[in-house]
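Chemist: Provided herewith is a single structure, encoded as structure tokens, for subsequent inquiry.
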Ligand code: GLU
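Numbering (the working numbering), first residue to last: 1 to 296.
What follows is the structure in structure tokens.
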């Protein structure tokens, strides 16, 4: 418990939890909001509002090469236009780097992380993965003698050692019931990137605990990450929220909406004259405009 408080106390005292349901929407400002984001934010918003709880907004901007202030401004404007108003202050992850460092330091003290100097090409070659397929890290740098130059390194979780320490872990999933965590599915994930000094996995578990989030609503594309998040919560003595993984919104071609592809944004639907009330009423009834639909 002491270390738990230590992580919280880096940037002030732990916020008081005043309700029994706190959900959040945690977009990365690397593009404009699209229908998939609106659907996810709406699910999180409705869950909190139905429970008389709170809906928080967190800006996940640790990847400073891809995040832009104008995208953050657009996300806020779109959420307000959709009527998805958040409670309290907006948390920005670039203001929280000291808390992520503290979490990493705790894992270093437990000897559960190691430095990795591998490049992407080296990992793919060592894992024998076909081009374009993301390989599980084969553990090349676990126990490796440091190279005698100053090439950059990341920190990886020694996932097998971590599981050996925590034992079996379960999380409560609205769709699947009690799920047994299997972090080995993701292997030795990066916890502090070469370029950012932290990672999505560390930041998300530390911030969900800091914001008192009780219910995490997010797309099925992040289901696998939950295996690692559950492990990190156990290692860092952080509480485990309930998880609500929802289907993804697909376009008329049956393809996932990705920010990097040309998917219609909330701003473009607005420009076409679609009103927020109609849009939200439709989404709540499972009716999507322009041939969009939910995945199975
Ligand atoms: N920032 C992530 C994204 O935009 C979502 C993180 C989460 O919901 O855990 O995809």
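For each residue, glycine too, the CB sits at the ideal point set by N, CA and C.
Source: prediction; values computed, not measured.
Using alpha carbons as the reference points, say which of 156, 224, 277, 193 lies closest to residue 183.
Modeler: When only C-alpha atoms are compared, the closest one is 224.
Chemist: If we require 3 or more residues per run, which beta strand (DSSP E) segments fall completely within the region 123-208?
Modeler: 154-157, 170-173, 177-180, 190-192
Chemist: Under DSSP, the beta strand (DSSP E) around residue 82 begins and ends at which residues?
Modeler: Careful: residue 82 lies outside any beta strand (DSSP E), inside the alpha helix (DSSP H) at 69-82.
Chemist: Return the CA-CA distance between residue 288 and residue 110, expressed in angstroms with no decimal places.
Modeler: 48 Å
Chemist: Is the beta carbon of residue 26 within less than 7 Å of some heavy atom of the ligand GLU?
Modeler: Flag set: Cβ of residue 26 near the ligand GLU.
Chemist: Looking only at its chain, what residues have a beta carbon closer than 6 Å to the beta carbon of residue 265, apart from the 5 residues adjacent to it on each side?
Modeler: 32, 34
Chemist: Any heavy atom of the ligand GLU closer than 7 Å to the Cβ of residue 218?
Modeler: Correct: residue 218 has its Cβ closer than 7 Å to the ligand GLU.
Chemist: Looking at residue 222 and the ligand GLU, is the gap between the Cβ and the nearest heavy atom below 7 Å?
Modeler: yes
Chemist: Can you round the beta-carbon distance between residue 103 and residue 186 to whole angstroms, since I take them to be within the 8 Å contact cut?
Modeler: Not really, about 18 Å apart at Cβ, beyond 8 Å.
Chemist: Taking the alpha carbon of residue 59 as the reference point, which residue from 48, 47, 73 has its own alpha carbon closest?
Modeler: 73
Chemist: So residue 279 packs on residue 294, CB below 8 Å; how close in whole Å?
Modeler: In fact, because the Cβ distance is near 15 Å, the residues do not count as touching under 8 Å.
Chemist: Let me know the secondary structure DSSP gives residue 40 once reduced to three states.
Modeler: helix
Chemist: Buried or exposed for residue 121, please, with buried defined as at least 16 other CB atoms from any protein chain shown within 10 angstroms of its CB.
Modeler: exposed
Chemist: Run through the DSSP bridge pairs and tell me what residue 22 is partnered with.
Modeler: 54
Chemist: Is residue 45 near residue 84, with beta carbons less than 8 Å apart?
Modeler: yes
Chemist: Is residue 60 a contact residue of the ligand GLU, with contact defined as CB to any heavy atom under 7 Å?
Modeler: yes
Chemist: Between which two residues does the alpha helix (DSSP H) holding residue 66 run?
Modeler: Segment: none, residue 66 is in no alpha helix (DSSP H) and carries neither H nor E.
Chemist: Return no unless some Cβ of chain D is closer than 8 Å to the Cβ of residue 276.
Modeler: Absent from the structure is chain D; it holds one protein chain and no more.
Chemist: Should residue 90 be listed as close to the ligand GLU, given that the test is whether its C-beta is under 7 Å from any heavy atom?
Modeler: Checking every heavy atom of the ligand GLU against the Cβ of residue 90, none is found closer than 7 Å.
Chemist: Around the Cβ of residue 176, are there at least 16 other Cβ atoms within 10 angstroms (buried) or fewer (exposed)?
Modeler: exposed
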